[in-house]
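**Student:**
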Amino acid sequence: MMETAVIQRQYDSVISLQYDQDPQFTTGRSLDRAIRHLDADGLLDPDSQPLRVLDVGMGTGMFLEKLRLQSARQIAPSGLDISEQMAALAVRKLPDLVVAIDDGANLDRHFGQSEFDLVATHFVTGFVELEKLAADVFKKLAPGGCWSFVGGTTAGYAELQRRARHPLLRMLFGSNGVALQGMICPESEDQVTRLLSNAGFEIRVSETFEPELKFEDFSSFMEYGYHGGWLTPFIEDIGLQNASRWQQALLNRIVFPVTDHHSIVLAVARKPL
Ligand SMILES: C[S@@+](CC[C@H](N)C(=O)[O-])C[C@H]1O[C@@H](n2cnc3c(N)ncnc32)[C@H](O)[C@@H]1O
């Protein structure tokens, strides 16, 4: 797991202001797919009771806002995030959002005895340990409630990782510079569904979404990877945000332009009645 204080600073001061620009719409497209899965499972059908939703690592509230716009059922939103700046943006979009600011590892200390019909964890694996999260999500859900899981896998960015193994780049940025493992996990859809099943959930649907990514040059990569938040810890680890002009020119010769893809697992898992 990455160091929590570092992640908090990065979201507060590097990522929050640009997060909603969602370069290449990777986040927005994934969240729309997640909502379609929930809708297909009947979770968003009209009901006299609002859907009680808890979004763990809700960020700027992109999912909750989309859900509210797309759901036929009213939404009662709650969210937890480690970044005050991200949460402040979420509250602007959802003034009725019940917010907790904390590490997701402490989820069980928040929201009292409230039970939820839906718990979302979207793009927070790598930040919060998945086994622990699974147990905590299970406890927060009402019987029959659903977990919406969305997370990138280590199969993402294969072409970028291949090009980063160029000997010149290893010399410049260190031989560990290419290792994204630890930043992105889990490994596969199989691993996710196994883990969710082992935690007592019934898998309703799962898929691997592989959106294409195009990086014209170093600066379009930084817009996505650094300010967009996708690879910020990795980029800071190797100091890529301080790359000099000649280093950028070299990267533009050796690595870019590049067409790649991410690999994102989506699953809806139900807590048995
Ligand atoms: C990639 S963003 C995803 C935001 C949102 N779920 C979405 O799909 O747009 C990751 C979010 O997790 C939050 N986060 C990172 N580490 C966390 C932790 N240990 N506990 C709680 N939230 C965390 C960040 O502040 C950020 O808002």
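Heads up, the sequence shown is in my numbering, so the first residue is 41 and it goes up one at a time.
Backbone N, C-alpha and C fix where the C-beta goes; we use that ideal spot for every residue, glycine too.
Keep in mind the model is a prediction, meaning the values are calculated, not measured.
Compare the C-alpha of Val168 against each of Ile75, Pro251, Cys186, Asp121 and name the closest.
**Tutor:** Asp121
**Student:** Thinking C-beta only, is Val190 closer than 7 Å to Ala74?
**Tutor:** yes
**Student:** Please find out if some non-hydrogen atom of ligand 1 comes closer than 6 Å to the beta-carbon of Ile304.
**Tutor:** no
**Student:** Please classify Glu229: is it buried, with 16 or more other beta-carbons within 10 angstroms of its beta-carbon, or exposed?
**Tutor:** buried
**Student:** So, at 7 Å on beta carbons, what are the nonlocal neighbours of Lys172 in its own chain, with the 5 sequence-adjacent residues on each side left out?
**Tutor:** Ala145
**Student:** Could you pull the start and end residues of the beta strand (DSSP E) that Val305 belongs to?
**Tutor:** 304-310
**Student:** Please identify the residue among Gln231, Leu253, Ser259, Phe258 whose C-alpha is closest to the C-alpha of Glu247.
**Tutor:** Gln231
**Student:** What does His301 pair with, by DSSP beta-bridge criteria?
**Tutor:** For His301, the pairing in a beta bridge is given by DSSP as Glu252.
**Student:** Less than 7 Å between the C-beta atoms of Val131 and Ile115, yes or no?
**Tutor:** no
**Student:** Classify Val93 as helix, strand or coil using the three-state DSSP reduction.
**Tutor:** strand
**Student:** Quick check on Gly217: buried or exposed, where buried means 16 or more other Cβ atoms within 10 Å of its Cβ?
**Tutor:** With a pLDDT of only 49 at Gly217, under the threshold of 50, the placement of this residue in the model should not be trusted; the figure read from the coordinates follows. Classification for Gly217: buried.
**Student:** With DSSP collapsed to three states, give me the class of Pro63.
**Tutor:** helix
**Student:** Straight-line CA distance for Ser70 to Phe296?
**Tutor:** 25 Å
**Student:** Between the C-alpha atoms of Asp85 and Phe156, what's the straight-line distance to the nearest angstrom?
**Tutor:** 16 Å
**Student:** With hydrogens ignored, establish whether the beta-carbon of Asp87 is closer than 6 Å to any heavy atom of ligand 1.
**Tutor:** No, Cβ of Asp87 sits at least 6 Å from all heavy atoms of ligand 1.
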